[in-house]
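Sequence order for the protein chains is A and B.
Quick note on my numbering: the first sequence kicks off at 1 and runs consecutively.
Quick note on my numbering: the second sequence kicks off at 1 and runs consecutively.
All C-beta atoms, glycine included, are put in the ideal place defined by N, C-alpha and C.
If you're wondering where the values come from, they're calculated on a predicted model, not measured in any experiment.
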Amino acid sequence: MSAPPTLERRIRRAVEWGDYVRGAGLRLNDAIGYREWLHFCFTREDLDVLVNFSLSDDTRPAAGPDAERARLVCIVRGEGWDGDVDEFDAAEVRVRRGSVDLRFGESSVRYDGEAIRVVVRCKRRPIAIDLTLSPVTVPSIINDMVLSDGLPAHWFLVPRLLASGSITVDGRRIAVENVAAYHDHNWGYFRWGRDFAWVWGYGHPVTPDATWSITFGRQTNRAGGVDFVRGLAMWKDARQWRLFDTRDVELREEGLLRSAETLTLPRSMALLVPGRPGGVPAKLRGRASARGEVVEFEFRAEHVSRILLPNDDDLGLTVINEVSGEVMLGGVVHGERVEGRGRAIVEFLGA
Amino acid sequence: MRSSNSSGPDQGPFGHLERCLDALEAEVPVAYGLVVRALAGRAIAIDIDGDRVTLSIASGRHALARSAGAGCAIELTLREAVIDRLLDARCTVLDAVLGGEMILRGAAEDLAALHDALLAFVHGAVRSPTAPRLLESYRSRGARTKASIRTPDARHGERHDLSQR
């Protein structure tokens, strides 16, 4: 469903003004730990795709004070899992600050004023991705999130884009056309292993007369016992429709996902967490209520992949579980009954 | 005397292991310290596709030397293909052991120490700026020459071909 022309212009301008690469040159107080990434993902029953371009300070103990790292995470679930984490030397990296225009080796992401072009050529795996992602919802931005005791981080997101193009894995080409996708852009200070964790996700439920996009999240302490922030945002077609904040939102995890197959990246770090993923719930239920309005969703986990991050200040690990599945949405918003279902991805970050 | 600072066309697993331990010592001393503390006073006979070295940990440092492996607390036998599969997460250590592709011999406490050392080694390697390049070098080894490392009784600068038995 396309937005009215004036709204389309507003969406394009919001992407142009909000999604640009800031860069580590904007470090606060010479602090180390600046990270910035552009994240793209989508899921359908037979396919999951996740692409993440990241630039960060090199926080490894022996790195020089101004050293930076450029990395590309790519995950594809088709007939099986494949993916990799590629790292790039400075000579392979070209970044235009102030715009969405990055090139890491043969991979790139660029916004041309109408759509975001994502090209991935994995260095070691036979994966090629060529996607055009057209934003179709008004973006949102959340500034000055403080994780644990660190400096702030910021989050720009486009909850729904339409992805078209192809994903080729080991010579098998999968065409996609207008698949609902999600994109966000984070920048700021994240020191992995500090006292924070999160559950975050998006969903694309569809009702007979509208497409809905939801994003939700809960930021907690590392143990997950104390909630700092909760929220749920809804978009109807192109417009943001409702925002529920911490006091309005409850999230509850149920059961454990028993996934037979997974992908753990970087591959060599799988030695540290052998076996199946643990601690991923089978279901996540959410409920948001305020001023007589109630929205409920249920996410049913189906597939999980893992991204492992070395903690910055100790020898521990941070595990990000990327979980795809189905979401059911129901409730009443602005007097309108909502009942729909669709695909969703939820990220469980923790120890 | 320890074997260290290897240089030259050393493309085999032992050369990469040695350089990676050197890198950990220099770049991630906390992880390196855990490796040497876990294995303190132990020697490990490592046999990869018939090539054999002894990894010794003594006085807080590592030494890799060609030897018959007599008196080692642990014997580890495996094929390079298994290393590739472990690095690509296509199998776990447990899979390799249960499948008979990796043979570990030693007292339970020594094997537990090796396990602890392996985890500390990987934690260190992922925090070392040098280790990813070594991993890339190891993965991209093509027409590989036999690994060579300096031996305790080699003269300065002299290299010892591991294929010599």
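query: Interfacial residues, the segment 264-293 of chain A to chain B, with Cβ spacing under 9 Å; result: 264, 265, 266, 267, 268, 269, 270, 271, 272, 274, 275
query: N-terminal and C-terminal residue of the beta strand (DSSP E) that residue 258(A) is part of; result: No beta strand (DSSP E) holds residue 258(A); DSSP gives it neither H nor E.
query: Cβ-based burial, residue 334(A) [other Cβ within 10 Å; buried from 16]; result: exposed
query: Supposed contact pair residue 20(A) and residue 56(A) - C-beta distance, whole angstroms, cut 8 Å; result: Not really, about 17 Å apart at Cβ, beyond 8 Å.
query: The alpha helix (DSSP H) enclosing residue 32(B), as first and last residue numbers; result: 29-38
query: Positions along the segment 131-147 of chain A whose CB lies within less than 8 Å of some CB in chain B; result: none
query: Per-residue contacts from residue 63(A) into chain B (C-beta, under 8 Å); result: 129
query: Chain B contact for residue 315(A) (CB, 8 Å cutoff); result: yes
query: For residue 240(A) and residue 140(A), believed in contact at Cβ under 8 Å, the rounded distance; result: 7 Å
query: Near-chain B residues of the segment 151-165 of chain A (beta-carbon distance less than 8 Å), N- to C-terminal order; result: none
query: Reduced DSSP category for residue 144(B) - H, G, I as helix; E, B as strand; rest coil; result: For residue 144(B), the predicted structure reports a pLDDT of 48, less than 50, and the residue's modelled location is therefore unreliable. The matter cannot be settled from this model.
query: Residues within the segment 43-62 of chain A neighbouring chain B, beta-carbon criterion of under 8 Å; result: 58, 60, 61, 62
query: Endpoints, beta strand (DSSP E) assigned at residue 192(A); result: Here residue 192(A) belongs to no beta strand (DSSP E), and DSSP marks it neither H nor E.
query: Buried or exposed (CB count within 10 angstroms, at least 16 for buried), residue 246(A); result: exposed
query: CA-to-CA distance, residue 80(B) to residue 144(B), given in whole angstroms; result: In this prediction, residue 144(B) has a pLDDT of 48, which is less than 50 and means its spatial position is unreliable; what the coordinates show is noted afterwards. So the two alpha carbons sit approximately 12 Å from each other.
query: Spatially closest choice to residue 142(A) from 135(A), 149(A), 14(A), 153(A), by CA coordinates; result: 153(A)
query: Whole beta strand (DSSP E) elements within the segment 38-87 of chain B, 3-residue minimum; result: 43-48, 51-58, 61-65, 74-78
query: Short CB-CB distance (under 8 Å) between residue 86(B) and chain A; result: yes
query: Through-space distance from residue 144(A) to residue 20(B), alpha-carbon basis; result: 40 Å
query: Own chain, CB closer than 6 Å to residue 103(A), minus 5 neighbours either side, in chain order; result: 94
query: Residue-chain proximity (residue 261(A), chain B), Cβ-Cβ < 8 Å; result: no
query: Contact set for residue 23(B): own chain, Cβ-Cβ below 6 Å, skip 5 residues either direction; result: 128, 130, 131
query: According to DSSP, residues forming a beta bridge with residue 106(B); result: 74(B)
query: Best match in 278(A), 259(A), 180(A), 114(A) for proximity to residue 206(A) [C-alpha to C-alpha]; result: 180(A)
query: Test item: CB-CB of residue 273(A) and residue 321(A) under 8 Å; result: no
query: Sequence ranges, beta strand (DSSP E) only - wholly within the segment 156-225 of chain A, length at least 3; result: 172-189, 197-207, 210-220
query: Contact set between residue 87(A) and chain B, taken where Cβ atoms lie within less than 7 Å; result: 132
query: DSSP state of residue 237(A) mapped onto helix, strand, coil; result: coil
query: Simplified DSSP assignment, three categories, for residue 268(A); result: helix
query: Cβ of residue 310(A) within 8 Å of any chain B Cβ; result: yes
query: For residue 32(A), the three-state DSSP class (helix, strand or coil); result: coil
query: Check whether residue 101(B) and residue 78(B) have beta carbons under 8 Å apart; result: yes
query: Contacting residues, own chain, Cβ-Cβ under 7 Å from residue 45(A) (five flanking each side not counted); result: none
query: Buried versus exposed call for residue 34(B) [16 or more other C-beta atoms within 10 Å across all chains shown]; result: buried
query: Cutoff 8 Å: residue 31(B) Cβ touching any chain A Cβ; result: yes
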